[in-house]
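Just below is one structure, and these are the notes that go with it.
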Amino acid sequence: MAVFVYQFILSFFASMGFGILFNAPRRALISCGLTGAAGWLVYFTFMDMGVTQIVSSFAGGIVLTAVSIYNARYLKMPLVIFITCGIIPLVPGGIAYQAMRNVVLENYQLAISYGIEAALIASAIALGIITSEMFHSLVNTILSKLKTGE
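Sequential numbering of the sequence shown, starting at 1, is according to UniProt numbering.
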C-alpha cells in the first residue's frame with residue numbers, strides 16, 4: 001500500500017510540474033497532477049499484476065484520457081491541457097534513452113530492440129487515448145440521439 005501512495009505522490013508532482021512548465025492555468029494544475037497520477041496508478045497496478053508494459057500503457061492511456069475529459073468539462077478548459085500533462089509519467093523516456101545510448105555505443109541489436117519497445121509503448125499510449133476519446137464521442141452521440149428521439 002505504501003508503494004502505491006509513493007507512486008501516486010511522485011506521478012502527481014511530475015504531472016503537475018510539467019503543467020507548470022507548459023504554462024497550464026493555475027486552477028488546472030491540481031487536476032493535471034491528478035490526471036497523471038490516475039494514469040500512472042493504472043499502469044503501475046497492471047505492471048504489478050504481471051501484465052506486459054504495452055498493455056499496461058494502453059490501460060493507463062485510457063484512464064488518463066477519461067480523467068482528462070472529465071477535468072476538461074468540469075473546469076471548462078481544453079482537453080489537450082490535461083492529456084499533455086497527464087501523459088508525462090507514461091512516456092517511455094528511459095527506454096528511448098537506452099535505445100540512443102546503444103546506438104552511440106554501436107550495439108545496434110540492443111538499440112533496435114529498445115527502439116521497437118519504445119515505439120510500441122508510445123503507440124499503445126496513443127491508441128489508449130484515441131480509444132477513450134472515441135468511446136466518449138460514441139456515448140455522447142448515442143445519448144444525444146436518444147434525447148432528441150431520432
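Using N, Cα and C, we set each Cβ at its ideal position, and we do this for glycine too. Note that the structure is predicted; figures quoted are calculated from it, not measured.
Thinking residue i and residue j are a contact (beta carbons under 8 angstroms), I'd like their distance in whole angstroms, please.
i	j	result
Ile125	Ser15	Contact doesn't hold; Cβ gap of about 14 angstroms is too wide.
Gly60	Gly39	4 angstroms
Ile62	Gly149	Rounded, the Cβ-Cβ distance is 31 angstroms, inconsistent with contact.
Leu64	Thr35	6 angstroms
Val67	Gly86	7 angstroms
Gly19	Leu29	5 angstroms
Leu120	Ile54	5 angstroms
Ala99	Ala111	5 angstroms
With a 10 Å radius around its C-beta and 16 neighbouring C-beta atoms as the bar for buried, classify residue i as buried or exposed.
i	result
Tyr6	exposed
Tyr43	buried
Ala72	buried
Ala2	exposed
Leu105	exposed
Leu146	exposed
Leu138	exposed
May I ask you to check if the CB of residue i is nearer than 7 angstroms to at least one heavy atom of the ligand COA?
i	result
Phe44	Although the ligand COA was asked about, the structure shown includes no ligands whatsoever.
Name the residue from the options whose alpha carbon lies nearest to the alpha carbon of residue i.
i	options	result
Phe4	Thr45, Glu106 and Gln109	Thr45
Ser132	Tyr108, Asn102, Val80 and Ile69	Ile69
Arg101	Gly115, Pro89 and Lys147	Gly115
Ala37	Ala111, Ile130 and Phe12	Phe12
Pro25	Ala111, Gln98 and Phe82	Phe82
Tyr74	Ala122, Gly17 and Ser31	Ser31
Ala122	Gln109, His136 and Val91	Val91
His136	Met47, Leu41, Gln109 and Leu79	Leu79
residue 159	Gly17, Ser113 and Met47	This structure leaves residue 159 out entirely; the chain is present only between 1 and 150.
If you drop the 5 nearest sequence neighbours on each side, which residues of the same chain put their C-beta closer than 7 angstroms to that of residue i?
i	result
Phe22	Thr84 and Cys85
Pro89	Ser11, Ala14, Ser15, Gly36, Gly39 and Trp40
Arg27	Leu75
For residue i, which residues from the same chain have a beta carbon less than 6 angstroms from its beta carbon, with the 5 sequence-adjacent residues on both sides left out?
i	result
Val103	Ala111
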